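Asker:
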Amino acid sequence: MNVLVILIPVSLILGAVGLVAFIWTVRNDQYDDEKGNAARILLDDD
Amino acid sequence: MTAACPACATGAMPQDMDTGPGLQFSLPDIHCAACIGKIERGLASITGVTAVRVNLSLKRLTVGGPVDPARIESALRDLGFEAYPLDLEALTTARDTVGRGLMTRMAVAGFAMMNVMLLSVAVWSGAADATRDMFHLISAAITLPVIAYAAQPFFQNGWTALRVGRLNMDVPISLAIVLAAGMSLYETLNGGEHAYFDAAISLTFFLLIGRFMDHRTRSAARSAAKELTALEVQTAQKIVGGTASTIAVSALAIGDLISVATGARVPVDGVLLSDHALMDRSFLTGESAAVDVAQNANLQAGEINVAAPLMLRATAVGADTTLRRMAAMVETAENSRNKYTAMADRAAQFYAPAVHLLALSAFVGWMLINGDVRHALNVAIATLIITCPCALGLAVPAVSTAAISRLFSLGYLVKHATALERLAEVTRVVFDKTGTLSMPSVTLPDDFSDVERSVAKALAQASHHPLSRALEKVLGDSAAADLDTISEIAGQGVVAHWNGQEVRLGRGAWLGADFDDMGLRIGNAAPRRIAASETPRPGVRSALARLDLPAEIVTGDAAGPAQRFADDLGIGVRADVRPEAKLAYLQQLASQGERVLMVGDGLNDTAALAAAHASIAPASALDASRSASDIVVLKDSFEDLPMLLRISRMACHLSQQNFAIAAIYNGVSIPLAIAGYATPLAAALAMSISSITVLLNSQRIRFSK
Numbered sequence: 018m019n020v021l022v023i024l025i026p027v028s029l030i031l032g033a034v035g036l037v038a039f040i041w042t043v044r045n046d047q048y049d050d051e052k053g054n055a056a057r058i059l060l061d062d063d
Numbered sequence: 038m039t040a041a042c043p044a045c046a047t048g049a050m051p052q053d054m055d056t057g058p059g060l061q062f063s064l065p066d067i068h069c070a071a072c073i074g075k076i077e078r079g080l081a082s083i084t085g086v087t088a089v090r091v092n093l094s095l096k097r098l099t100v101g102g103p104v105d106p107a108r109i110e111s112a113l114r115d116l117g118f119e120a121y122p123l124d125l126e127a128l129t130t131a132r133d134t135v136g137r138g139l140m141t142r143m144a145v146a147g148f149a150m151m152n153v154m155l156l157s158v159a160v161w162s163g164a165a166d167a168t169r170d171m172f173h174l175i176s177a178a179i180t181l182p183v184i185a186y187a188a189q190p191f192f193q194n195g196w197t198a199l200r201v202g203r204l205n206m207d208v209p210i211s212l213a214i215v216l217a218a219g220m221s222l223y224e225t226l227n228g229g230e231h232a233y234f235d236a237a238i239s240l241t242f243f244l245l246i247g248r249f250m251d252h253r254t255r256s257a258a259r260s261a262a263k264e265l266t267a268l269e270v271q272t273a274q275k276i277v278g279g280t281a282s283t284i285a286v287s288a289l290a291i292g293d294l295i296s297v298a299t300g301a302r303v304p305v306d307g308v309l310l311s312d313h314a315l316m317d318r319s320f321l322t323g324e325s326a327a328v329d330v331a332q333n334a335n336l337q338a339g340e341i342n343v344a345a346p347l348m349l350r351a352t353a354v355g356a357d358t359t360l361r362r363m364a365a366m367v368e369t370a371e372n373s374r375n376k377y378t379a380m381a382d383r384a385a386q387f388y389a390p391a392v393h394l395l396a397l398s399a400f401v402g403w404m405l406i407n408g409d410v411r412h413a414l415n416v417a418i419a420t421l422i423i424t425c426p427c428a429l430g431l432a433v434p435a436v437s438t439a440a441i442s443r444l445f446s447l448g449y450l451v452k453h454a455t456a457l458e459r460l461a462e463v464t465r466v467v468f469d470k471t472g473t474l475s476m477p478s479v480t481l482p483d484d485f486s487d488v489e490r491s492v493a494k495a496l497a498q499a500s501h502h503p504l505s506r507a508l509e510k511v512l513g514d515s516a517a518a519d520l521d522t523i524s525e526i527a528g529q530g531v532v533a534h535w536n537g538q539e540v541r542l543g544r545g546a547w548l549g550a551d552f553d554d555m556g557l558r559i560g561n562a563a564p565r566r567i568a569a570s571e572t573p574r575p576g577v578r579s580a581l582a583r584l585d586l587p588a589e590i591v592t593g594d595a596a597g598p599a600q601r602f603a604d605d606l607g608i609g610v611r612a613d614v615r616p617e618a619k620l621a622y623l624q625q626l627a628s629q630g631e632r633v634l635m636v637g638d639g640l641n642d643t644a645a646l647a648a649a650h651a652s653i654a655p656a657s658a659l660d661a662s663r664s665a666s667d668i669v670v671l672k673d674s675f676e677d678l679p680m681l682l683r684i685s686r687m688a689c690h691l692s693q694q695n696f697a698i699a700a701i702y703n704g705v706s707i708p709l710a711i712a713g714y715a716t717p718l719a720a721a722l723a724m725s726i727s728s729i730t731v732l733l734n735s736q737r738i739r740f741s742k
């Protein structure tokens, strides 16, 4: 069970990295136009 | 703005508007990638435009650079899109901090839930003794700070309700979260077997999803409705010593001389100083024809000057103008609407005390049976958690979010929180006529030649009269002739020169003809009659045909034209109704038990819009009417009106179904919880399954036809 000493911190840190990344996207206005972003991928130019 | 040079400050304003942060438009029609490409490419080629960005979710367009808003609007119309300019000042102040806060809280709660669940799965699958205690401790270390941060919206709402001695859905939610976390901490520290950290955190997470969805759709609709450019004048041309200066309407005083340009709105009530004038009062009174007024006649704020520029002396300013008095009438009428209790609150009124009583009786019951405080408290908390406040908290927002976004894509902005519920209860529809159902139109003679068409178009373009605009529309893409020395004769028509001949568009009598309608005369040729009529707006006919409720027209227009128009559509009509009488009529209907849906756009409808059980205004309506109504129609058509009613009824129906689903889950799980058999695993399962069922059931509204 000693492996838990490593695994639990690892899972917590990975989760925290994901959370920080998400908060960054929120602050970067990346959720202001989710439909538009989905549609823009179909545009040829840009 | 500096006080040293007040004239400079006001003079600089229009320039600020042009070079400012950008222009924003609402585009109700856009729906796909092709629209984005078309608009962004089409506008980028206009000189002065430095940036174009379409936001498809909000159906908005941002244009940067020093360009004329009218230029962009006409370019958009040429591309085939309806566009409504948005008020920049309202936009700059409207950053969605609440929505952003909710999203961050949701993310934090979601992160914590994943990790706590991971640990809980280990406990459920048999971790024991020291390992279990350690897992519980780690869960506590994650859960407690996260709850303190993420569950704040519930705590705040619950506390606000408790402080005024009321119960809402947030009270049992907050209580469940706090008690579950507190009791679990106590159990953990004493090496207990059951901890409800996962339940506390997933409850927070699920409910934040509901809160966020609710906020997101509603704030998008509400802010768009608010930001549609105010049609009311904000500035006026004040004449001092023969020169005009632009000042704010709020700075006008009684006795000031004011000039009103052609096509502009009268800013304050006043007396006409010019010889005569032609006013469009349709917004104020519902009259479809423009009104001739002579010198010394009274003008009311909000009328539109459709002929030559005029002068007036202010007789009432600020709160004394007709416009503001009307707004005051709206406020009184609106109070009655705020008394309406939303379905979720009605459920909470019954549900919150029931849950508290159940939990309390479980606690007391177990105390009497075996006197074990810890066990009794555990059972009481399990009862609180398992009663699925989660599904109940999602029951209404999940449905209304889906319904509101569905309606948004149809061009309906739902502004008021309880609008859908009230709309579902409507038993009768009352329409305003002028501007709402009808638009001015003209009928061209069959043998109108191309020459006549092009001259008529050029003359019509020069005038602001509603009939001229209608004529311009009817003439469509005929090329306009080149005219010289165009001038507008107030109350009569437009005169100009074309190929050395005098050409005139205006009243029959003025042209020397024997008809009263509008006419066209080229040189000495016989005047041609262009008959004025009113046509229903697009979609009105089919909407009325599919409407399954009694409908009628109540209008301020004269009986003759109103009756003709109503007969054409085949519905009943009440003509010559003053604004106060409209309000009284709606109140009379309400006292007979009718729940009225009012559809109107004018200032004369404003009080009626506010007093009706539910109300709809087109985007072209006056600011006051829009803010008094529940729903704003962004399209030029009422075709989807029956659809709107169907969706709102279905939304109500689905919300009730969701409550029923939550009740069924409770019926099964509450006896288990009270009997003391509920484990944290059972609580987590009951909560997740009921929440997901409710969410899935709500999505059915997307497929309603």
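Chains E and H are the protein sequences, given in the same order.
For the first sequence, our numbering assigns the number 18 to the initial residue and increments by one for each residue that follows.
For the second sequence, our numbering assigns the number 38 to the initial residue and increments by one for each residue that follows.
Just so it is clear, CB atoms sit at the ideal spot from N, CA and C, and this is done for glycine as well.
From a predicted model like this one, the values you see are computed outputs, not experimental measurements.
Kindly list the residues whose CB is nearer than 7 Å to the CB of Leu626(H), restricted to its own chain and excluding five residues on each side of it in sequence; keep chain order.
Answerer: For Leu626(H), where only same-chain residues beyond five positions count, the Cβ hits under 7 Å are Arg465, Val633.
Asker: Are any of the Cβ atoms in chain H nearer than 8 Å to that of Leu20(E)?
Answerer: It is Val, not Leu, that sits at residue 20(E) in the sequence shown. False, the Cβ-Cβ gap to chain H never drops below 8 Å.
Asker: Give the range of the alpha helix (DSSP H) segment to which Trp403(H) is assigned.
Answerer: First-last of the alpha helix (DSSP H) with Trp403(H): 380-407.
Asker: Looking at the unbroken beta strand (DSSP E) that takes in Trp535(H), where does it start and where does it end?
Answerer: Trp535(H) -> beta strand (DSSP E) spans 530-535.
Asker: Does the Cβ of Leu738(H) have 16 or more other Cβ atoms within 10 Å, making it buried, or fewer, making it exposed?
Answerer: In the sequence on display, residue 738(H) carries Ile and not Leu. Buried, because 16 or more other Cβ atoms sit within 10 Å of the Cβ of Ile738(H).
Asker: List the DSSP bridge partners of His313(H).
Answerer: Ala331(H).
Asker: Is Thr464(H) near the ligand GDP - that is, is its Cβ less than 7 Å away from at least one heavy atom of it?
Answerer: Among the ligands in the structure shown, none appear at all, so the ligand GDP cannot be discussed.
Asker: Beta-carbon within less than 8 Å of Phe249(H)'s beta-carbon, same chain only, minus the 5 sequence neighbours each way: which residues are those?
Answerer: Only Gly136, Leu139, Met140, Met143 meet the Cβ criterion.
Asker: Distance, Cα to Cα, Val86(H) vs Leu113(H)?
Answerer: C-alpha separation (whole angstroms): 13 Å.
Asker: Checking contacts by CB at 8 Å: is Ile30(E) closer than that to chain H?
Answerer: Cβ-Cβ to chain H under 8 Å: no for Ile30(E).
Asker: So is Met724(H) buried or exposed if we call it buried at 16+ other beta carbons inside 10 Å?
Answerer: Answer is buried; the Cβ neighbour count reaches 16.
Asker: Determine, using beta carbons only, whether Val43(E) comes closer than 8 Å to chain H.
Answerer: So yes, Val43(E) belongs to the interface.
Asker: Compute the Euclidean distance between the alpha carbons of Lys470(H) and Val591(H), then round it to the nearest angstrom.
Answerer: If I take the Cα positions, the gap works out to 7 Å.
Asker: On the premise that Pro65(H) lies in contact with Glu119(H), defined as a C-beta separation below 8 Å, what is that separation, rounded to the nearest angstrom?
Answerer: Confirmed, about 6 Å.
Asker: Report buried or exposed for Asp293(H), applying the criterion of at least 16 other Cβ atoms within 10 angstroms of its Cβ.
Answerer: Answer is buried; the Cβ neighbour count reaches 16.
Asker: Note down, in chain order, every chain E residue with its Cβ under 8 Å from the Cβ of Met151(H).
Answerer: Under the 8 Å cutoff, chain E gives Gly32.
Asker: Following the continuous beta strand (DSSP E) through Glu525(H), name the residue where it begins and the one where it ends.
Answerer: Per DSSP, Glu525(H) belongs to the beta strand (DSSP E) from 521-526.
Asker: So which of Ala88(H), Gln538(H), Gly202(H) has the shortest CA-CA distance to Ser561(H)?
Answerer: Note on identity: in this sequence residue 561(H) is Asn, with Ser being the wrong assignment. Out of Ala88(H), Gln538(H), Gly202(H), Gln538(H) has the C-alpha closest to the C-alpha of Asn561(H).
Asker: Which residues, in order along the region 435-453 of chain H, keep a beta-carbon less than 7 Å from a beta-carbon of chain E?
Answerer: Those residues of the region 435-453 of chain H that come within reach of chain E (Cβ to Cβ, closer than 7 Å) do not exist; the list is empty.
Asker: Secondary structure at Pro65(H), three-state DSSP: helix, strand or coil?
Answerer: Three-state DSSP puts Pro65(H) in coil, outside helix and strand.
Asker: Return the residue from the list Ile418(H), Leu240(H), Arg253(H) that minimises the CA-CA distance to Thr134(H).
Answerer: That would be Arg253(H), whose Cα lies nearest to the Cα of Thr134(H).
Asker: Run through chain H and tell me which residues come within less than 7 Å of Ile40(E), C-beta to C-beta.
Answerer: Going along chain H in sequence order, the residues near Ile40(E) (Cβ under 7 Å) are Thr141, Ala144.
Asker: Just to confirm, is the Cβ distance from Ile276(H) to Ile291(H) under 8 Å?
Answerer: No. Outside cutoff.
Asker: Which term fits Cys689(H), buried or exposed, when burial requires 16 or more other beta carbons within 10 angstroms of its beta carbon?
Answerer: Under this definition Cys689(H) is a buried residue.
Asker: Short of 9 Å Cβ to Cβ, which residues in the region 693-722 of chain H face chain E?
Answerer: So nothing in the stretch comes that close.
Asker: Determine, using beta-carbon pairs with one atom in the region 649-656 of chain H and one in the region 384-392 of chain H, whether at least three such pairs fall under 8 Å.
Answerer: Verdict: no, contact absent.
Asker: How do the region 472-485 of chain H and the region 445-457 of chain H stand: do at least 3 beta-carbon pairs fall below 8 Å, yes or no?
Answerer: They do not touch, by the three-pair rule.
Asker: Where does Leu204(H) sit, in a helix, a strand or coil, going by DSSP?
Answerer: DSSP places Leu204(H) in coil when its eight states are reduced to three.
Asker: CA-CA distance, Gln61(H) and Arg318(H)?
Answerer: Their backbone Cα atoms lie some 29 Å apart in a straight line.
Asker: Which residues in chain H have a C-beta closer than 7 Å to the C-beta of Ile25(E)? List them in chain order.
Answerer: The contacting residues are Ile175.
Asker: In the DSSP assignment, find the unbroken alpha helix (DSSP H) run with Arg108(H) in it and report its ends.
Answerer: Here the alpha helix (DSSP H) through Arg108(H) covers 106-116.
Asker: Three-state secondary structure (DSSP) at Leu36(E)?
Answerer: Helix, per DSSP.
Asker: Find out if the Cβ-Cβ distance for the pair Ala493(H), Leu557(H) is shorter than 8 Å.
Answerer: Yes; because the gap between Cβ atoms is below 8 Å, this pair is in contact.
Asker: Under 8 Å between beta-carbons, which chain E residues line up against Val91(H)? List them in chain order, please.
Answerer: Chain E residues near Val91(H): Gly53.
Asker: Show which residues of chain E have a CB atom less than 7 Å away from the CB atom of Ala70(H).
Answerer: By Cβ distance, chain E contributes Ala56, Arg57, Leu59, Leu60.
Asker: Could you tell me which chain E residues have their CB closer than 9 Å to the CB of Phe148(H), listed as they occur along the chain?
Answerer: Going along chain E in sequence order, the residues near Phe148(H) (Cβ under 9 Å) are Gly32, Ala33, Gly35, Leu36, Phe39.
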